[in-house]
Structures are given as C-alpha cells and as structure tokens.
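What follows is a short report on a single structure.
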Amino acid sequence: RKPGQNAESEMQVLLNEHDVSKVNPLPSGRIRAAVREIIIHPKYDKITYDYDIALLQLDTSIDFELQNPHCKNSTSQFARMENEFDAQFVPVCLPFKARDLDLENQEGIVTGWGLTQEGFY
C-alpha cells in the first residue's frame with residue numbers, strides 16, 4: 001500500500017463479470033469501479049459472523065436501465081436492466097431516502113456465497 005492510501009483506494013469491483021482471470025480488457029457490458037468507502041454493519045461480530053454484511057460505496061455511478069420493475073411489492077426506483085446487462089445483474093432494492101420506514105426488529109433476508117471458513121463454502 002502506498003503512503004496515504006487506505007484499503008478502499010486499492011479495491012475495485014467488477015460488475016457483471018464472473019471470470020476474474022480475464023479482466024483486461026473487460027468484455028462488453030462489464031463494469032469496473034473503484035470503491036470509495038466500505039461501510040461495515042455496526043453490529044458485525046468477527047467471531048460469530050453475526051451481521052456479516054457491508055455496503056460498498058463506489059466512486060462511479062452505475063447507470064441502470066429503469067424498465068420492468070424487478071423488486072417485488074416495492075416502490076423502489078430500481079428495476080431489471082436490459083440491453084448490455086443480463087438478468088443476473090440487478091441492483092439491490094432499497095427504499096427511497098424520503099420514505100420514513102421503521103425497520104427496527106424487522107426480519108430481512110440476504111443471500112450470498114463464498115468462503116465462510118477455511119475449506120467450507
């Protein structure tokens with residue numbers, strides 16, 4: 001790491017790409033974005049992995065085509081993308097900032113994949 005750099009300034013995200021061995025140049029429809037900030041859940045526990053979720057704020061805005069709403073029972077502005085993106089690549093549905101929602105003690109479901117401990121997925 002260079003002096004003055006943090007982990008975020010070194011991190012990049014590839015969107016709509018599954019084979020990271022061939023990232024230069026990126027195929028059509030793929031996006032590379034630098035990470036501006038990593039926002040770790042304030043209740044994250046590195047021993048139990050409770051609240052094992054984070055948000056990555058990107059340096060670049062991602063322009064999604066807003067057609068055919070994808071979010072079930074949602075008034076979210078995000079929708080399914082068409083044209084250069086495939087149906088596997090969709091934004092997460094979040095409520096508008098102006099909407100006052102009380103989500104305290106409400107259950108949410110997050111899915112993902114990856115290494116949970118050495119040798120286990």
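Per full-length UniProt numbering, the sequence shown starts with residue 1, numbered consecutively. Think of the CB as a built atom: it goes at the ideal place given N, C-alpha and C, for glycine as much as any other residue. Values in this document were obtained by computation on a predicted structure and should not be read as measured data.
For Gln12, the CB contacts under 6 Å within the same chain, skipping 5 residues up- and downstream, are Arg32, Ala34 in chain order.
For Pro42, the closest alpha carbon among the candidates Ile62, Leu55, Leu101 is that of Leu55. Asp50 and Ile40 have their C-alpha atoms roughly 12 Å apart. Residue range 31-40 is occupied by the beta strand (DSSP E) that includes Arg32. Nearest to Gln57 by C-alpha distance, out of Tyr44, Thr48, Glu37, is Glu37.
Here the alpha carbons of Arg30 and Leu14 stand approximately 7 Å from one another.
Under the DSSP assignment, Gln57 falls in the beta strand (DSSP E) whose first and last residues are 54-58. The beta-bridge partner set that DSSP reports for Gln12 consists of Ala34.
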